[in-house]
Structures are given as structure tokens and as C-alpha cells.
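Report on one structure; see the data block that follows.
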Amino acid sequence: SSDLEGPVTLIGDEPHLPYERPPLSKEAMASEAPVIKAIASEEFLAERSIRHIHSIRAVAIDRAARAVQLSDGSSVPYDKLLLATGSVPRKLPLPGLGGRCVYLRT
Numbered sequence: 004s005s006d007l008e009g010p011v012t013l014i015g016d017e018p019h020l021p022y023e024r025p026p027l028s029k030e031a032m033a034s035e036a037p038v039i040k041a042i043a044s045e046e047f048l049a050e051r052s053i054r055h056i057h058s059i060r061a062v063a064i065d066r067a068a069r070a071v072q073l074s075d076g077s078s079v080p081y082d083k084l085l086l087a088t089g090s091v092p093r094k095l096p097l098p099g100l101g102g103r104c105v106y107l108r109t
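Written out as C-alpha cells, the structure is:
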């Protein structure tokens with residue numbers, strides 16, 4: 004809804020701001036060094052009351068307490084909760100690949 008009022012908290016275990024993943028795969032296929040391009044700056048998020056918690060995973064939801072438990076032991080209360088779990092590529096245990104593997108995210 005466009006009439007949202009109140010703060011938003013964005014939690015992610017990656018160390019940087021949110022970014023678009025598909026362009027990284029295309030750059031890797033073109034033999035270019037992928038550059039992570041954030042879709043918003045910290046200032047942009049702050050101006051919109053969006054708190055960005057990075058490098059920490061959400062590990063549990065306490066529905067009774069209406070809180071998300073984080074991997075560092077802290078918790079974040081919520082009124083409404085949106086889960087966007089994303090994905091992690093499955094690394095195949097194939098002999099001979101060494102460190103020369105690229106996982107494409109689409």
C-alpha cells in the first residue's frame with residue numbers, strides 16, 4: 004500500500020546494501036569483473052525510515068512476542084512481517100572444479 008506509515012527494518016546476512024543479482028551473472032558470463040551496484044544508498048533508506056541490518060541472519064520468529072530473533076542473539080520487534088527468504092546456490096561436489104566455479108543467479 005502506498006499509505007505506509009512507520010519504520011521498516013530490512014535484515015540480511017550479506018555485508019552490503021541490497022543489489023540486483025541478475026546483472027552480476029551477465030557480467031560474469033562476459034568475463035567482466037562483476038561490480039555490486041546497490042539499488043539504494045544508506046541515505047535513501049534512512050530518508051524513508053528503512054533501517055538496514057546487514058551481516059546478520061534472521062534465525063527464528065517468535066510469533067507470541069512478535070519478534071524476529073537474529074544470529075547475534077538480539078531480536079527485532081514487528082507489527083507486520085514479510086518473509087523474503089531468497090535462495091542459496093547448491094554447490095555440487097564435483098571433482099576437479101577447484102575454485103573455478105561460477106554460480107549464476109537468475
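To convert a position in the sequence shown, counted from 1, into the numbering used here, add 3.
Glycine included, every Cβ here is placed at the ideal spot set by N, Cα and C.
If you compare the alpha carbons of L84, R60, V91 and R69 with that of G76, the shortest gap goes to R60.
Judged by beta-carbon spacing, L73 lies beyond the 8 Å limit of V91, meaning their Cβ atoms are not closer than that value. Following the DSSP letters along the chain, one finds A49 inside the alpha helix (DSSP H) bounded by residues E45 to E50. Contact between the stretch 13 to 23 and the stretch 40 to 60 is present: three or more C-beta pairs spanning the two stretches fall below 8 Å. For D75, the three-state secondary structure derived from DSSP is coil.
Between the alpha carbons of A43 and S52 lies a gap of roughly 13 Å.
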